[in-house]
Amino acid sequence: MWSQRLFKGRKASIMLQTICSKVLYLLFIIYYLLFIIYYLLLIIGLVVNFGFNYYTGKLVEQGYIKCRGIPTGSMPGMATKYAKSESLCYLK
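With positions in the sequence shown counted from 1, the corresponding number in the working numbering is that position plus 29.
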């Protein structure tokens, strides 16, 4: 029924205009918040990435070497073991 009024060029009721404006306002707020959250997560990810690169660089500067293989009790790709010498890499 309201679609017949809409397509004939008649003005929508004040109640319908109020509901539509509130829905559009709410959608705008949600979109804006998601936009902010996305960029905050992007910035946090970059900071964490640079932090890990800095930390591993400091380990290499201090003479640590990266051990080959997967440390015991760790998921593949999720952990790296560092040691001062190759012989210490195989100790558990």
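Ideal Cβ placement from N, Cα and C applies to all residues, glycine included.
For residue i, the residue or residues it bridges with in DSSP
i	result
I58	In the DSSP output, where bridge partners are listed per residue, I58 has none listed.
K95	Y111
Sequence-distant residues of its chain with Cβ nearer than 7 Å to residue i (five each side left out)
i	result
K95	T109, Y111
L53	none
L113	Residue 113 is actually Lys in this sequence, not Leu. So the qualifying residues of the chain are G92, Y93.
I99	P105
L117	none
C-alpha gap between residue i and residue j, whole angstroms
i	j	result
Q46	L56	15 Å
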